[in-house]
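Written below as structure tokens is the structure these notes are about.
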Amino acid sequence: MENRGVIKPMLGTHYPMISHGKGIYLYDDQGKQYIDGSSGAVTVNIGHGVDEIAMAMAEQASKVAFVYRSHFTSQAAERLANKLADLAPGDLNWTFFVNSGSEATETALKIAIQYFQEQGITSKTKILSRWTSYHGITLGALSMSGHLMRRARFTDLLEDFPAVSAPYCYRCPFHSTYPGCGLQCGEDLERAILEIGAENIAAFIFEPIIGAAGGAIAPPPGYYEKIQEICHKYNIVTIADEVMTGMGRTGKLFGVNHWNMTPDIMTLGKGLSAGYTPMAATIVSDRIISVIKQGTKSVMSGHTFSANPLSAAACCAVLDYVESHHLVHNSEARGEEMITGLKELMMKYAIIGDVRGKGLMVGVEFVSDLMTHRPFPAEAKVGEQFLSICFEKGLIVYPAFGGVRGYEGDSIMIAPPLVVTSAQVKEILNIMDESLSELMTRLIASGRY
Ligand code: PMP
């Protein structure tokens, strides 16, 4: 019996010891192979064990691994920031480096508030966000997260930032259908602004495609154009949380690229370093930075490890790899194959209510009734059962349940590394087919279906 060690997500549970990885595969110390169908936490975009990244890191570490951002900058950090300025839309030209997605959203919150303070506007301190969202686990980021399960224990410490309904067509909060709905989900932002008062609101934060809280939920056409228009009307900064959707995951370099919208601030994490090192970023527009530059000059945020050269060098090498291997295109093409294959499985298994997503951020929602979209009872733990059946068969999929208001939910995501091949997509679909068959058998045997 262990009496010390790493605090694992489920205490007392055995976690396999991974010895190495290559491409989409991971191997444990017992020799078992797993397909990393979730890229870890939708992170390892370029796949495991890429030698170019290890070499770039070794080279940087042997030169200088760390300099403190208050004293120095580094070639690696400047190169990465320049690269991001080239790639990011509009005038998103300035990057503040941090170490996790949560820190990136915290930093975005602070920059948005500071932007107004520098102009003498001190009342704009609230951040609007949506229900069915996830922006991180630290208290500021959790305040912005409309993820009931993750908020539950800490509600007394949190700000009530989630005030806007999610654009979740499969379970429309307004019981409407697109396009007849007139985009009520978009109008809900204006309702919340009028209720809270635009003079109190600094920013609106959103995941371009909802990830952990709901499972690859993309809004209907026209939604983000409407959001942008409303935010401009009320002088509210837009923050696109691209921590999960960024760096090619959705078949475009950034999630917002699917729509005609340019945010004022964009956060990145996960795929930026593809998991080779902890790294995240808050990218800020010229407009906002120039106001701070004319004011106190200093962005009031920062961490010891911010912009460290070692992580920056790893990210530069990851970005080069994404480009040279055309991974954004591969994400789009393999994502289409994955969705087509899952839609075929949907015909075979009546518990699949919805298949959705873009690129290789693909969601599957389980329901007990196809017509009414009635979910399974929470205690049936259908999503969890599916995850563990897949795990047994050597396929990792991502849990996206617990984040929807008023409903436990049984959504999961398939999000393999963007290097996945057509043959490997088929391999994943085959294991899903077998796992679905086993899940059905279990549900029927237990009288749940
Ligand atoms: N934003 C989004 C959209 C995320 O998906 C996540 C992580 N799942 C975060 C923020 C938080 O990132 P981290 O876990 O690196 O703090």
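Residues are numbered in the numbering used here as their position in the sequence shown, beginning at 1, plus a constant of 464.
C-beta atoms are modelled at their ideal positions from N, C-alpha and C, and glycine is treated no differently.
Query, Result
"Short Cβ contact (9 Å threshold) for R594 with P626", "yes"
"Inter-residue Cα distance where the pair is H837 and G817", "7 Å"
"Any non-hydrogen atom of ligand 1 within 8 Å of I601 CB", "yes"
"Where L809 falls: helix, strand or coil (DSSP)", "helix"
"Option in V701, K716, E567 and S564 with minimal Cα separation from N794", "K716"
"M730 versus R912 - alpha carbon distance", "43 Å"
"Beta carbon of A572 nearer than 9 Å to that of D750", "no"
"Residue burial classification, T709 (beta-carbon count within 10 angstroms, cutoff 16)", "buried"
"Any non-hydrogen atom of ligand 1 closer than 8 Å to D500 Cβ", "no"
"Uninterrupted beta strand (DSSP E) stretches inside the stretch 786 to 857 (no shorter than 3 residues)", "816 to 822 and 825 to 830"
"Burial state of V470, where buried means 16 or more other Cβ atoms lie within 10 Å", "exposed"
"T589 - DSSP class collapsed to helix/strand/coil", "coil"
"Start-to-end residues for the beta strand (DSSP E) that takes in Y479", "Note, Y479: premise wrong, no beta strand (DSSP E); not H, not E."
"Buried or exposed by the 16-neighbour rule on C-beta atoms within 10 Å, applied to F850", "buried"
"Reduced DSSP secondary structure (H/G/I, E/B, other) of Q494", "coil"
"Distance cut-off 8 Å: Y479 Cβ against heavy atoms of ligand 1", "no"
"Reduced DSSP category for P863 - H, G, I as helix; E, B as strand; rest coil", "strand"
"When G678, P683 and Y871 are compared against P672, the one with the closest alpha-carbon", "P683"
"Residues bridged to P626 (per DSSP)", "S593"
"Cβ contact check for the stretch 734 to 744 and the stretch 554 to 567: 3 or more pairs under 8 Å", "yes"
"Delimiting residues of the beta strand (DSSP E) encompassing V701", "V701 to D705"
"N-terminal and C-terminal residue of the alpha helix (DSSP H) that F670 is part of", "Looking at the DSSP string, F670 is not in any alpha helix (DSSP H); the run it does join, the beta strand (DSSP E), is I665 to F670."
"heavy atom of ligand 1 below 8 Å from Y459 C-beta", "This structure gives no information on residue 459, because the portion of the chain shown stretches from 465 to 913."
"Local Cβ density within 10 Å of M481, reported as buried at 16 or more and exposed below that", "exposed"
"Stretch pair the stretch 615 to 623 + the stretch 652 to 669: three plus CB contacts closer than 8 Å", "no"
"Boundaries (first-last residue) of the beta strand (DSSP E) holding F580", "Careful: F580 lies outside any beta strand (DSSP E), inside the alpha helix (DSSP H) at G565 to Q581."
"Three CB pairs or more closer than 8 Å across the stretch 873 to 883 and the stretch 841 to 850", "yes"
"Near ligand 1: K822 beta-carbon under 8 Å from a heavy atom", "no"
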